[in-house]
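Enquirer: Below you will find the structure I want to go over with you.
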């Protein structure tokens with residue numbers, strides 16, 4: 001059964017041990033062989049990550065005459081689908097928790113020598129396991145090696161952007177994580193894909209909405225990340241500092257709050273945030 005589709009591949013429920021129970025414990029990502037570079041990159045990264053930290057376990061990878069395929073554990077639904085079930089924004093506490101997890105996953109990927117380049121809600125997987133919501137970062141087809149700056153920007157984007165656009169920097173992964181978290185706290189202005197492609201300003205020029213009180217932590221992280229990009233520094237220790245101080249007497253490492261009625265939902269805004 002197909003459960004997702006992107007520009008270069010489709011994802012299906014799968015199993016490496018078929019039986020009559022139809023227990024699909026894996027997913028298979030299938031693409032055309034003409035996109036073999038993306039496949040090779042993701043295969044290499046998944047093998048190196050080996051299910052560590054906040055990443056799905058790698059099962060198998062290969063190719064046929066026409067297709068490439070990657071099999072990983074089924075790590076659940078993507079955050080975008082889960083959040084769409086919510087009528088209201090998530091609690092500040094849940095967003096602090098998610099921010100800690102995704103920033104930590106991004107840091108770990110950097111230590112392995114890669115930038116992700118596609119941090120968004122559809123690439124964050126959530127799964128309820130043993131009464132806890134497990135979080136995994138996925139989809140490394142657009143990733144590139146940090147020590148190969150010439151490969152950080154796609155030829156497609158170079159075609160439409162000024163040639164002085166700087167190489168992709170680690171801070172940009174964290175900037176996209178901050179925007180992801182910002183979207184979970186409230187409704188953001190819509191921008192079409194065409195507008196985003198031809199939008200000349202860099203992500204660090206994004207105009208944050210007014211953030212005060214309990215959401216000030218995102219603004220503080222954002223301002224420091226923008227400075228990191230401008231100065232090309234990679235000391236992101238301030239992220240944990242601001243997350244630790246975001247909510248008094250609260251641990252960013254605590255479990256995500258959720259409800260479950262046959263479908264997973266993350267806890268929404270409530271008076272518990274104050």
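Numbering (full-length UniProt numbering), first residue to last: 1 to 274. Each residue gets a CB set at the ideal place from its N, CA and C atoms; glycine is no exception. Since the model is a prediction, treat every value here as computed from it, not as a measurement.
1. Would residue 248 and residue 185 be called neighbours here (beta carbons separated by less than 8 Å)?
2. When the Cβ atoms of the region 40–49 are set against those of the region 87–103, are three or more pairs found closer than 8 Å?
3. Roughly how many whole angstroms lie between the Cα atoms of residue 32 and residue 39?
4. By the three-class DSSP mapping on this structure, what secondary structure does residue 238 have?
5. According to DSSP, is residue 232 part of a helix, a strand, or is it coil?
6. Would you call the CB atoms of residue 26 and residue 14 closer than 8 Å?
7. Can we say the region 76–86 touches the region 204–217, given the rule of at least three CB pairs closer than 8 Å?
8. Alpha carbon to alpha carbon, how far is residue 142 from residue 41?
9. Return the CA-CA distance between residue 256 and residue 69, expressed in angstroms with no decimal places.
10. Alpha helix (DSSP H) containing residue 127: first to last residue?
11. Does the separation of the CB atoms of residue 229 and residue 204 fall below 8 Å?
12. Taking C-beta to C-beta, are residue 111 and residue 168 nearer than 8 Å?
13. Out of 87, 82, 52, point me to the one whose CA is closest to residue 72's CA.
14. Since residue 119 and residue 177 are thought to touch, with beta carbons under 8 Å apart, how far apart are those beta carbons, to the nearest angstrom?
15. If you draw a straight line from the C-alpha of residue 302 to the C-alpha of residue 104, how long is it?
16. To the nearest angstrom, how far is it from the Cα of residue 272 to the Cα of residue 250?
Expert: Judging by the given coordinates:
1. Looking up residue 248 in the chain shown gives position 248. Looking up residue 185 in the chain shown gives position 185. No; because the gap between Cβ atoms is not below 8 Å, this pair is not in contact.
2. No, the region 40–49 does not touch the region 87–103.
3. As a position in the chain shown, residue 32 is number 32, starting the count at 1. As a position in the chain shown, residue 39 is number 39, starting the count at 1. About 9 Å.
4. Within the chain shown, residue 238 is the residue found at index 238, counting from 1. Reduced to three states, the DSSP call for residue 238 is helix.
5. In the chain shown, residue 232 corresponds to position 232, counting from 1. When DSSP states are grouped into helix, strand and coil, residue 232 belongs to the coil group.
6. Start at 1 with the first residue of the chain shown, and residue 26 comes out as number 26. Start at 1 with the first residue of the chain shown, and residue 14 comes out as number 14. For the pair residue 26 and residue 14, the CB atoms are nearer than the 8 Å cut-off.
7. At 8 Å Cβ cutoff, the stretches do not touch.
8. Against the chain shown, residue 142 aligns to sequence position 142. Against the chain shown, residue 41 aligns to sequence position 41. The C-alpha of residue 142 lies about 8 Å from the C-alpha of residue 41.
9. Position 256 of the chain shown, counted from the first residue, corresponds to residue 256. Position 69 of the chain shown, counted from the first residue, corresponds to residue 69. Approximately 32 Å between the Cα atoms of the pair.
10. By 1-based counting over the chain shown, the position of residue 127 is 127. Following the DSSP letters along the chain, one finds residue 127 in no alpha helix (DSSP H) but inside the beta strand (DSSP E) bounded by residues 124–129.
11. As a first step, residue 229 must be located in the chain shown, where it is residue number 229. As a first step, residue 204 must be located in the chain shown, where it is residue number 204. In terms of Cβ geometry, residue 229 and residue 204 form a close pair [threshold 8 Å].
12. Counted from its first residue, the chain shown places residue 111 at position 111. Counted from its first residue, the chain shown places residue 168 at position 168. In this structure, residue 111 sits away from residue 168, with a CB-CB distance that is not shorter than 8 Å.
13. Your numbering for residue 72 matches position 72 in the chain shown. Closest option to residue 72, Cα to Cα, is 52.
14. Here residue 119 refers to the residue found at position 119 when the chain shown is read from its first residue. Here residue 177 refers to the residue found at position 177 when the chain shown is read from its first residue. That belief holds up - the Cβ atoms of residue 119 and residue 177 are roughly 5 Å apart, short of 8 Å.
15. Any answer about residue 302 is impossible in this case: the structure gives the chain only from 1 up to 274.
16. Locating residue 272 in the chain shown gives position 272, counting from the first residue. Locating residue 250 in the chain shown gives position 250, counting from the first residue. Reliability fails at residue 272, whose pLDDT of 48 lies under 50, so the model's placement of it is uncertain and the value that follows must be treated cautiously. Rounded to the nearest whole angstrom, the CA to CA distance from residue 272 to residue 250 is 12 Å.
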